[in-house]
Amino acid sequence: MQFLNPSRPYFWETAPFFRLLVPVIIAILLFDKGLLPSVSLFTLTSVVIGSALVGILMLIGANNRKYFPILQFSWIQLIFFFLSWLCCAYSSPVSHSNWYGNSLNQAQSFLVRVAESPQQKTKTWKLPVEVLMAFDGSKVVSVSGSAFLFVYKNDSSFPIQKGDEIMIPNKWKPITNSGNPFAFDYRAFCEKNGIYHQAFLSAADISLVHQSVHTPSLIDRVHTYSMQTLEHFVTDKSTLGLMQAMLLGDEVNFDTELRQSYVDTGIIHVVAISGSHVILFFQIIATLLFFLRGRKYEAIKYLIAIPFVCLYVAVAGAPTSAIRAAIMFCLVGIGLIFRQDKQPLNLLFATAFFMLLYEPMWLFSVGFQLSFLAVLSLILFYKNLSRLVVAPNVYLQKLWEAASASLAAEILIAPLVIYYFHTFPLTFLIANILAYLCMGLVLIGSMLIIFLSYFSSIAGLMAIILTFLVKVFNSTIVFLQSLNPKAFSNLFLSFPSLLCVYGFVIGMSLFWLQNRRKGLTIAISATAILLMLMTVNRWNSIHQPQFVVYNINRNSYAEFLSNGYYFPLLNSSSIKPEIDFATKENHIATGNWKSGKSILGNVFRFQGKKILILDRAIQFDTASFAQFDIVVIAFPVKRFEGETLQKIFRFNQLVVTGSQKRNIMEQWKANCQTLQIPAHFTLLDGAFVFK
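Going by the working numbering, the first residue of the sequence shown is number 13, and it counts up by one from there.
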């Protein structure tokens, strides 16, 4: 690669899949932003086939003409652009003529199938469903698409199971965001997964049409057996949760606080099925095939291992990181079988190419991005880092190799981790070395417990040993977590800032690996722009204090934010604003993540405005008249009283918090619009922010 050695060709010459991947990614980005015209699948398919035929003719003839190589290259790029566009359209349910969303205005009811086991929530059961048919009187239309169904609880039992077909009324509503500042874009996340609507129903609204007799597949049976076997022998909950997550990709018993400790120390990747799991699994298979010695039998080992690796990934739930690792493993194996050269960078780009054609929206998956950047970082930087130190013995050399791998992976994934999770673990190097040493033992031990489950005494002894090991490991990780400064858990990078950080990384890489001064210029320029962006963000934090009433379902919470601190004014349920998903993102993004003292009372002044917070019902006949700029209702209301409130308090803005019933808020909003009362309902309109 010329990136690493100027005497070699450009990396896209030795990694040709990069040239195919670029138009694929461009098409996905344009499709996601709605910048591509809406055309039928038939038209797109015809364009792809037609352009491919023209491309074949161009490759066959006229190769001796001067400009044909450039034209051929451009045409190939165009073919894969159209192919990616077709894959995007095909994967999007909106592009299909029989999508159920096209029947929402006519249909009275829908037949749906429960796609997954119902998930129990606080007040509802959540059912991911596939929509099968739409009913409009006597007219029945076959439809397709996925949605979420929420059924209010009436008792502890719930008769609906995976595979059941049920009839429901047409009460679909578009999925919306919370509207809190800098909050996670849940609607976009669902849409990228092909889900656009949800419905909230009572149990009486549902009619069971067909009850499924669910027969678990081989993969489900293996997963269930493995989970139950570990539960039988491992009695410690934290150890069990780690083993199930690390081996089977199932985090159902993984402790939430312990998971956060793994995130804060930078080792959460150990519970994500990825390349290290696949490599270890292959090494176990290769060990069992010890009698096949020599390089000439290496291809046979891969040929035997490939189906087992694919089965393992399926049993582990097939997350994107595991799929990436499995595809790369299969490509390496196929290359060995057919005696083709192994080029790691080309294998990585080929894996991304095939995955994105299969599911284009994986491009926006955090797991996909982190997985590929980690491998890319290892390919680019690991060898150079590992050569910096020559250890005096083999054990220290192995330790340095593990440290080099951790450092190399961190170069490209650290900015993305800060961007998404707002944290940078200073102790990541120590934690990753410990995780490297512990991970193999836990994985192998977990497998042995499952395989030796018929020998209960041996399996039980191994469970005891692993429990002790995991407890020591977890205690060490929690200690390392405590060493990380709080400021490093509240970092913020905007998207432009993220690009600047990667500009710095690219520039320094060119300067270090290729000794090009141009790289230093790029790094300095990127740093200057980054500092400017951070300065502007800090200035806004200091000079733009905020009064925010958040949208928190069934709760009321409001606060002032100023000069690096947040000051709670109202907290109906004693939420923890430093960790609550509704507030934390705004605290970090604005730089106001330090906790200030709660401000007591009901009347406040902010930026020259007078604010009244009503946390309980008032008696209108005895209430004294006063004038406020903003009135916040933070108690459950029943009948419409907006007109009376305006007469008493003569407000310029009414804010009603989320501790309300949705149907009552919809009635209030309609009445306020009719009477021209300026009102904001956090449950319907998102958070109220005043600067």
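Note that the Cβ used here is the ideal one computed from N, Cα and C, for glycine as well. Keep in mind the model is a prediction, meaning the values are calculated, not measured.
Considering only residues of the same chain and omitting the five flanking positions on each side of residue i, which have a CB-CB separation below 7 Å?
i: Ile-38; result: Phe-93
i: Thr-188; result: Arg-199
i: Ile-430; result: Phe-436, Leu-503, Leu-505
i: Phe-170; result: Pro-130, Trp-137
i: Gln-658; result: Ile-689
Start and end of the beta strand (DSSP E) containing residue i?
i: Thr-136; result: 136–148
i: Ile-591; result: Note, Ile-591: premise wrong, no beta strand (DSSP E); not H, not E.
i: Glu-571; result: 569–574
i: Lys-622; result: 621–626
i: Gln-210; result: 207–213
i: Leu-304; result: Looking at the DSSP string, Leu-304 is not in any beta strand (DSSP E), and its letter there is neither H nor E.
i: Leu-666; result: 665–668
Name the two residues that bound the continuous alpha helix (DSSP H) containing residue i.
i: Asn-549; result: 529–555
i: Tyr-390; result: Going by the sequence as given, residue 390 is Leu instead of Tyr. Run containing Leu-390: 378–398, per the alpha helix (DSSP H) assignment.
i: Gly-249; result: Note that residue 249 corresponds to Lys in the displayed sequence, not to Gly. 249–260 is the extent of the alpha helix (DSSP H) around Lys-249.
i: Asn-675; result: 674–687
i: Gln-526; result: Run containing Gln-526: none; DSSP gives neither H nor E here.
i: Leu-375; result: That residue, Leu-375, is in no alpha helix (DSSP H); it is neither H nor E in DSSP.
i: Ile-280; result: That residue, Ile-280, is in no alpha helix (DSSP H); it is neither H nor E in DSSP.
i: Ser-418; result: 406–433
i: Val-106; result: Counting along the chain, Val-106 falls outside any alpha helix (DSSP H), and DSSP gives it neither H nor E.
Quick one: what's got a C-beta closer than 6 Å to residue i's C-beta in the same chain, skipping five residues either side?
i: Ala-691; result: Leu-666, Cys-684
i: Val-513; result: Pro-427
i: Ser-568; result: Leu-582, Ser-584, Ala-646, Thr-669, Ser-671
i: Val-60; result: Phe-94, Leu-95, Leu-98
i: Ile-423; result: Ser-389, Phe-393
i: Trp-524; result: none
i: Thr-241; result: Ile-462, Ser-465
Report the three-state DSSP secondary structure of residue i (helix, strand or coil).
i: Ser-333; result: helix
i: His-244; result: helix
i: His-599; result: helix
i: Val-490; result: helix
i: Leu-53; result: helix
i: Ser-158; result: strand
i: Ile-461; result: helix
i: Ser-607; result: strand
i: Pro-580; result: strand
i: Lys-498; result: helix
i: Arg-31; result: helix
i: Trp-111; result: strand
i: Arg-467; result: Here residue 467 turns out to be Phe, not Arg, going by the sequence shown. Coil, per DSSP.
i: Phe-94; result: helix
i: Tyr-198; result: helix
i: Glu-177; result: strand
i: Tyr-514; result: helix
Between the Cα of residue i and the Cα atoms of the options, which residue gives the shortest distance?
i: Ser-52; options: Val-246, Trp-97, Ile-518, Gly-329; result: Trp-97
i: Lys-45; options: Ile-91, Ala-27, Cys-100; result: Cys-100
i: Arg-566; options: Glu-597, Leu-522, Thr-595, Phe-647; result: Phe-647
i: Val-141; options: Ala-211, Phe-147, Tyr-198, Lys-165; result: Ala-211
i: Asp-641; options: Met-340, Ile-630, Leu-390, Leu-624; result: Leu-624
i: Val-644; options: Ala-499, Gly-278, Phe-693, Leu-144; result: Phe-693
i: Gly-654; options: Gln-639, Lys-530, Lys-681; result: Lys-681
i: Phe-294; options: Gly-278, Phe-303, Ile-318, Val-282; result: Ile-318
i: Leu-505; options: Ala-570, Tyr-432, Leu-626; result: Tyr-432
i: Phe-341; options: Ile-676, Leu-292, Met-70, Leu-254; result: Leu-292
i: Phe-440; options: Ser-418, Met-459, Met-451, Leu-144; result: Ser-418
i: Gln-120; options: Val-152, Gln-132, Thr-134; result: Val-152
i: Val-560; options: Arg-550, Thr-539, Asn-496, Pro-589; result: Pro-589
i: Gly-379; options: Ala-337, Pro-404, Ala-420; result: Ala-337
i: Val-290; options: Ala-216, Val-401, Tyr-314; result: Tyr-314
i: Phe-572; options: Ile-591, Ile-587, Ile-611, Asp-592; result: Ile-611
Sorted by chain position, which residues of the same chain lie with C-beta nearer than 8 Å to residue i's C-beta, five sequence neighbours on each side aside?
i: Gly-67; result: Gln-84, Trp-87, Ile-88, Ile-91
i: Ile-172; result: Val-126, Pro-130, Trp-137, Leu-139, Val-163, Ile-178, Ile-218, Leu-220
Is there a C-beta anywhere in chain C that falls below 9 Å from the one on residue i?
i: Tyr-112; result: As a matter of chain content, chain C is missing from the structure shown, which is built from one protein chain.
Cβ contact (3+ pairs, closer than 8 Å) linking the stretch 365–381 and the stretch 408–418: no
Contact the stretch 537–544 vs the stretch 585–597: 3+ CB pairs below 8 Å: no
Cβ pair count under 8 Å reaching 3, the stretch 284–302 against the stretch 320–338: yes
Inter-stretch contact (C-beta, 8 Å, three-pair minimum) for the stretch 524–540 and the stretch 464–473: no
Stretch pair the stretch 313–324 + the stretch 357–364: three plus CB contacts closer than 8 Å: no
Segment contact, 8 Å Cβ cut-off, at least three pairs: the stretch 491–507 with the stretch 436–455: yes
Touching by the beta-carbon criterion (3+ pairs, under 8 Å), the stretch 598–610 and the stretch 626–633: no
Inter-stretch contact (C-beta, 8 Å, three-pair minimum) for the stretch 109–118 and the stretch 380–387: no
Any 3 or more C-beta pairs closer than 8 Å across the stretch 444–456 and the stretch 271–282: yes
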